[in-house]
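Peer 1:
Numbering (our numbering), first residue to last: 52 to 280.
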């Protein structure tokens, strides 16, 4: 979309911008700057994960046996689908097909809810087994060994380290999914009120970029936490 078209609408830019194009470019730049800080935040966790995985590979290998790759794969499909519907929501807004845009945004929110529902079942199962982070860990060594297919003495004493990373990384990601869902609902409300259309959709595009980042982070979390060997 050209910024010229963006400015040619009934949308009135804020007084501290020269014109609508200036407002659009500034808003887009601000969103990308914010996303860069998000990458830095998750990047720190990824670096920490890789460092400790290098030091204690057995911990991560045994810990990953308590993740269900099928649920992780299902959540991957759900989020990839939501990225498509988010993009379609923006596309249909650009085309002036606001009803189709709303429906696609609704599907995006439902996908987010489905993702969180699957995570709820995953978390519940692990908490029931006592597989909690850090000092809250209360898993039974004999049960862990049986499930992992190793001798009880082969279960490392610092196994909670893996689950600390698991809950930190998936928990922080889950919070971002909830924030993204809230932002999309806000966009849907504004769309219904007629605030967005072919010539004005800056906020919607910003929310879409945030949602795509959330999906991208999961693409890295899935193999690291569920498929680690």
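Glycine included, every Cβ here is placed at the ideal spot set by N, Cα and C.
Keep in mind it's a predicted model, so treat the numbers as computed, not measured.
1) Alpha carbon to alpha carbon, how far is residue 194 from residue 169? Give it in angstroms, no decimals.
2) Would you kindly work out how many angstroms separate the C-alpha atoms of residue 217 and residue 276, rounded to a whole number?
3) Can you find the residues in the same chain that come closer than 6 Å, C-beta to C-beta, to residue 266, ignoring five residues on each side of it along the sequence?
4) Starting from residue 211, trace the alpha helix (DSSP H) in both directions and tell me its first and last residue.
5) Return the residue from the list 90, 115, 123 that minimises the CA-CA distance to residue 182.
6) DSSP three-state call for residue 251: helix, strand or coil?
7) Taking the runs of the alpha helix (DSSP H) that are 4 residues or longer, which of them lie wholly in the segment 86-148?
8) Is the beta carbon of residue 224 sitting closer than 8 Å to the one on residue 272?
9) If you draw a straight line from the alpha carbon of residue 124 to that of residue 81, how long is it in whole angstroms?
10) Per the contact definition of three or more C-beta pairs closer than 8 Å, is the segment 208-222 in contact with the segment 242-259?
11) How close, in whole Å, do the beta carbons of residue 163 and residue 228 come, if the pair is a contact with beta carbons under 8 Å?
12) In terms of alpha-carbon separation, which member of 104, 255, 118 lies closest to residue 175?
13) Check whether the Cβ atoms of residue 207 and residue 107 lie closer than 8 Å to each other.
14) Using DSSP with H/G/I as helix, E/B as strand and the rest coil, what is residue 191?
15) With a cut-off of 8 Å on the beta carbons, I'd call residue 279 and residue 112 a contact; round off their distance for me.
16) Using three-state DSSP, classify residue 82 as helix, strand or coil.
17) Would you identify the three-state DSSP class for residue 181, choosing helix, strand or coil?
18) Applying the criterion that 16 or more other CB atoms from any shown protein chain within 10 Å of the CB defines a buried residue, is residue 172 buried or exposed?
Peer 2: This is what the structure gives:
1) Locating residue 169 in the chain shown gives position 118, counting from the first residue. Locating residue 194 in the chain shown gives position 143, counting from the first residue. Distance between the alpha carbons of residue 169 and residue 194 is about 24 Å.
2) Position 166 of the chain shown, counting from 1, holds the residue named residue 217. Position 225 of the chain shown, counting from 1, holds the residue named residue 276. Those two C-alpha atoms are separated by around 7 Å.
3) Indexing the chain shown from 1 puts residue 266 at position 215. Only 130, 134 meet the Cβ criterion.
4) Here residue 211 corresponds to residue number 160 of the chain shown, with the count starting at 1. That run of the alpha helix (DSSP H) goes 211-243.
5) Counting from one through the chain shown, the residue named residue 182 turns up at place 131. Cα-wise, what sits closest to residue 182 is 115.
6) Here residue 251 is taken as the residue at index 200 of the chain shown, counted from 1. Strand.
7) 108-114, 120-145
8) For the purposes of this step, residue 224 is taken as residue 173 along the chain shown, with counting starting at 1. For the purposes of this step, residue 272 is taken as residue 221 along the chain shown, with counting starting at 1. Yes, the Cβ-Cβ distance between residue 224 and residue 272 is below 8 Å.
9) Here residue 124 is taken as the residue at index 73 of the chain shown, counted from 1. Here residue 81 is taken as the residue at index 30 of the chain shown, counted from 1. So the two alpha carbons sit approximately 33 Å from each other.
10) no
11) Position 112 of the chain shown, counted from the start, is the residue given in the question as residue 163. Position 177 of the chain shown, counted from the start, is the residue given in the question as residue 228. Right, their Cβ atoms sit about 5 Å apart.
12) Along the chain shown, read from residue 1 onward, the residue named residue 175 stands at position 124. It is 118 whose Cα lies nearest to the Cα of residue 175.
13) In the chain shown, residue 207 corresponds to position 156, counting from 1. In the chain shown, residue 107 corresponds to position 56, counting from 1. Yes, these two residues count as a Cβ contact at 8 Å.
14) For this step, residue 191 is matched to residue 140 along the chain shown. DSSP places residue 191 in coil when its eight states are reduced to three.
15) Taking the first residue of the chain shown as 1, we reach residue 279 at position 228. Taking the first residue of the chain shown as 1, we reach residue 112 at position 61. Confirmed, about 7 Å.
16) For the purposes of this step, residue 82 is taken as residue 31 along the chain shown, with counting starting at 1. Helix.
17) Within the chain shown, numbered from 1, the residue matching residue 181 stands at position 130. It is coil, neither helix nor strand.
18) By one-based count along the chain shown, residue 172 stands at place 121. Counting Cβ neighbours within 10 Å, residue 172 comes out exposed, since fewer than 16 surround it.
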